[in-house]
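Letter by letter, the sequence shown follows residues 3 to 723 in the working numbering. Data first, discussion second: the structure below is written as structure tokens.
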Amino acid sequence: MQKIDNKIFLRNIFIIIVPILLLWVALDRGGTYSGTKEMFSILLWGLGFMVLIGLRQHFKIPFFPALFWSLFWLWGFVTLIFTYSPDGTLRFLSQMGALIVFAWAIYNLAEKPLWKFFRLFYIGVSIVLLIGFFFLLGSKYGFFVGRHDMMLHFISTFYWKNPAAGYLILVLPLSFVLAKYDPAKGWRIFYWLISISSFAALFLTLSRAAWLAFALAAIVIFLLSLKISMKFFKILAITIIIGFVLSILIMPPKWVLGRFSKIGEVTKEKPEEPVEERWMMLSMGLNIVSEKPLFGIGFEAFKVAYPHFLKSSHYLSSHLHNQYLQYAAEGGIPAFILFLCAIFSSIGIIFISARKNKDPILWAISLGTLAYAIHIGLDFDWNFWGTSLPFLLLIAIGIRNSDEIEPRTIKGIKKISLIVIMLAGFLFSTAIGAAWTIHSKYESALSSAKQIKLLKLCSKLDPFSAYFWYQQSTVYKSLGDTEKSRQALKKAYSLEPKNILIGYEYASSIYSTHRDMAVNIMFDALNSAPYILPEKQLDLAEYLMKSGEDNLAEKILANMPRHFSTDTNVRYTGQTAGFRYILGRAYEYWGDIVLSRGDFRKADSLYRVASVLECPRYKDKIAEIWAVDTPSPEWIVSEFIDAVNIGDTVRLHSIIADSAIVKLTTGIQIYLASIMNVQMDILTERASVDALVLKCNGDKEYFGLEFFNLILTDDGWKIKF
3 MQKIDNKIFL RNIFIIIVPI LLLWVALDRG GTYSGTKEMF SILLWGLGFM VLIGLRQHFK
63 IPFFPALFWS LFWLWGFVTL IFTYSPDGTL RFLSQMGALI VFAWAIYNLA EKPLWKFFRL
123 FYIGVSIVLL IGFFFLLGSK YGFFVGRHDM MLHFISTFYW KNPAAGYLIL VLPLSFVLAK
183 YDPAKGWRIF YWLISISSFA ALFLTLSRAA WLAFALAAIV IFLLSLKISM KFFKILAITI
243 IIGFVLSILI MPPKWVLGRF SKIGEVTKEK PEEPVEERWM MLSMGLNIVS EKPLFGIGFE
303 AFKVAYPHFL KSSHYLSSHL HNQYLQYAAE GGIPAFILFL CAIFSSIGII FISARKNKDP
363 ILWAISLGTL AYAIHIGLDF DWNFWGTSLP FLLLIAIGIR NSDEIEPRTI KGIKKISLIV
423 IMLAGFLFST AIGAAWTIHS KYESALSSAK QIKLLKLCSK LDPFSAYFWY QQSTVYKSLG
483 DTEKSRQALK KAYSLEPKNI LIGYEYASSI YSTHRDMAVN IMFDALNSAP YILPEKQLDL
543 AEYLMKSGED NLAEKILANM PRHFSTDTNV RYTGQTAGFR YILGRAYEYW GDIVLSRGDF
603 RKADSLYRVA SVLECPRYKD KIAEIWAVDT PSPEWIVSEF IDAVNIGDTV RLHSIIADSA
663 IVKLTTGIQI YLASIMNVQM DILTERASVD ALVLKCNGDK EYFGLEFFNL ILTDDGWKIK
723 F
């Protein structure tokens, strides 16, 4: 029986469905969430399988791109042996495999003519642009108020300026080439509008890295292909000028020009904070590569591993802002070389063919992909599938149309192997995607029993996820089932023994039964990652004090101020807002140890520092970024306590979110003793404050912990009951 060739059906999928898919992922916050990537992985593996089965003949990929992309993916299996996070590396294999299969599928479908595909693709681009301008103008004129520090940048659906800029520099060159070569006049006008608005949007991202990347790529491409480049010089110049004028009509000129003037920050000895943080991350990445040069820390394991390589508590980022360095850290130098060669061998083939054949489409693709390839060396666009999928799509289209390639029939062992790989990838992605879909229901479940049931199902679908086991432990702990909580933590710790938080939590859970083992685990965590989780270090010191090991406890407490700044004016983030108060308790414990030795003078000086640090900070500099002038959450808590004591219902109404429930209980007075901890999440507009209070009820006085939840409003922080 002759095999049916579904070429027309698959070709329609390429022309119609793929542009919709690319728009969909761009609209979903740029495709940055893990759950989103897993769901799209299922679709991409499925598309590859359809192309493999549905076409009678396939096209051979040029040797070097095929070799480097395949070896890069296969190297992930090697790093699985050495990874800090088995679940992260397995998910990398699933997701990167899906991306490569997607590119392979597009490669087999992207034959000329491509006008229909490009038109639908750029309709999607126009939607992304319209949304971006809509929200930018809305923010400018006060129609949209949010807690994002880039509301007045062009971020569109990517939620961040740099991936939005990466998307724009990728699609820009092809748009102004199509503005000249599309066979229909109406569509040429459409592409002109896309080109101008894209340049305006690129300026309005205020992304210096993207500007530099595009300029550098344009210079390289123009110099190496002068004849074909000169055909587009006039178009490029016009669109840049009109785009720039449009951008300064939308936002004040000093905003755009001011960013241009700050490009030189990278050369300063003391640059502005974002640039300084880039240098810190670069230093960290190089440190990881120097310590783990061959196999790295495991793909997608950086979030687990980076605390081990921090040199300060100043900046806690989960990405190195350089994708090549990121892969060098995660997969070792071999991964860096393979990824670099995979990217640039692909672009090189397209560019060489563009020069040879004087093909404007290939020329535009080589310019856009080169600009993007440079940009991911300066930022984290690759993590956003809203940019990486179009990049691989354009790479596949470019290589497919670079030369006349004869189709061939895949059969025998090779075809069986490809079927097995694609089915395995599809099934594995389906399991992981289902696990994260179920997890989203867990977060909204009100019953603890229901939460446990859902989390167990998540762990069955994704048994290598330490995260699901850890969450099970927290639910069991809230139910008071310490044994099941301990067992869940034991499983999580066995999966990710390098996870500092899980290590501390597991050690605490076994402290009462296996004290020596628990202390060793906590000391290992402390010595390996001294710049995170000061509250856990404080717990370790407290354990040691209770067991009479004051000398060891004092060493930990004395080191904490060196690792975490006590400067009341130091920059703080949502993650580090509570460091000051934890350090206050550390000084207090340290004072207790010194006092027990009879050194009253030193003890008094330590207690004085503790009392200063445990007093609430007044100004909230984090909320200031979002243009909310408000005292800090902890200061609001102190005002609440004072208002309760004096019966100031007017003040209570102003600082309580649900002011209608304000009701004072007579006979009880409370006084703030100290702030114990503060946790903030500015994006969700939530904060929590742990306070030690003195309660007085008649002749009875006692200390107790009180926990306050707050929400951020336009009028500042308010307590939420």
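The C-beta atom is built at its ideal place from N, Cα and C for all residues, glycine as well.
Beta-carbon to beta-carbon, Met52 and Leu24 are separated by about 17 Å, too far to satisfy the 8 Å threshold.
Between the stretch 404-415 and the stretch 65-76 there are fewer than three inter-stretch CB-CB distances shorter than 8 Å, so the stretches are not counted as touching. Relative to the Cα of Ser567, the nearest Cα in the group Ala555, Ile196, Gly580 belongs to Gly580. Proximity to Phe393 across Ile418, Thr371, Tyr673 peaks at Thr371, based on C-alpha coordinates.
Under the three-state reduction of DSSP, Val630 is assigned to coil, being neither helix nor strand. Excluding sequence positions up to five before and after Tyr620, its CB lies within less than 7 Å of the CB of Pro633, Ser634, Trp637, all in the same chain and listed in chain order.
Here DSSP, grouped into helix, strand and coil, assigns Arg357 to helix. Comparing C-alpha distances from Trp77 to each of Gly482, Asp89, Leu95 shows the shortest one belongs to Leu95. When Cβ pairs closer than 8 Å are counted between the two stretches, the stretch 191-203 is seen not to touch the stretch 50-67, the count staying below three. Counting along the chain, Leu707 sits inside the beta strand (DSSP E) bounded by residues 702-715. For the set Ala220, Val614, Ser347, Leu218, the Cα lying nearest the Cα of Ile677 is the one of Val614. The shortest C-alpha to C-alpha distance from Phe301 to any of Glu332, Glu278, Val611 is the one to Glu332.
Short of 6 Å from the beta carbon of Leu322, and not among the five residues preceding or following it, lie these beta carbons of its own chain, in chain order: Met283, Gly287, Gln328. With a cut-off of 8 Å on Cβ pairs, the stretch 154-161 is in contact with the stretch 200-209, counting three or more such pairs.
The DSSP-derived three-state label of Trp719 is strand. Here Asn529 is exposed: its Cβ has fewer than 16 other Cβ atoms, across all protein chains shown, within 10 Å. Apart from sequence neighbours up to five positions away, the residues of its chain that approach Ser690 with a beta-carbon distance below 6 Å are Gln681, Asn711, ordered along the chain. Using a Cβ distance threshold of 8 Å, Tyr513 and Tyr472 do not count as a contacting pair.
By the 16-neighbour rule on beta-carbons within 10 angstroms, Asn324 is buried. The criterion of a C-beta distance shorter than 8 Å is not satisfied by Asp30 and Trp117.
The beta carbons of Met524 and Tyr591 sit about 16 Å from each other, so the pair does not count as a contact at 8 Å. Measuring C-alpha to C-alpha distances from Arg688 to each of Tyr143, Leu54, Gly718, Val521 identifies Gly718 as the nearest.
Residues Trp471, Tyr472, Gln474, Ser475, Tyr478 of the same chain have their beta carbon placed closer than 8 Å to that of Ala490, with the five preceding and five following residues left out of the count.
Within the same chain, Cβ atoms closer than 8 Å to the Cβ of Pro563 are found at Leu585, Ala588, Tyr589, the five residues on either side in sequence being excluded. Ranking Trp281, Glu708, Tyr308, Tyr673 by CA distance to the CA of Ala693 puts Glu708 first.
Ala366 is a Cβ neighbour of Val179, given a cutoff of 8 Å. If you compare the alpha carbons of Ala212, Ile624, Leu228, Gly37 with that of Gly435, the shortest gap goes to Gly37. DSSP places Arg619 in the coil class of the three-state scheme, outside both helix and strand.
Among the bridge pairs identified by DSSP, Pro409 is matched with Phe61. Around the beta carbon of Thr515, fewer than 16 other beta carbons lie within 10 angstroms, which makes this residue exposed.
Residue range 484-497 is occupied by the alpha helix (DSSP H) that includes Lys492, with no beta strand (DSSP E) assigned at that position.
Here Ser177 really is in contact with Tyr124; their C-beta atoms are around 6 Å apart, less than 8 Å. When DSSP states are grouped into helix, strand and coil, Asp683 belongs to the strand group. Ile672 has Lys697 as its beta-bridge partners, per DSSP. The Cβ-Cβ distance between Ala373 and Ala219 falls below 8 Å. Residue nearest to Tyr169 within the set Phe386, Leu226, Cys460, Ala543 is Phe386 (criterion: CA-CA distance).
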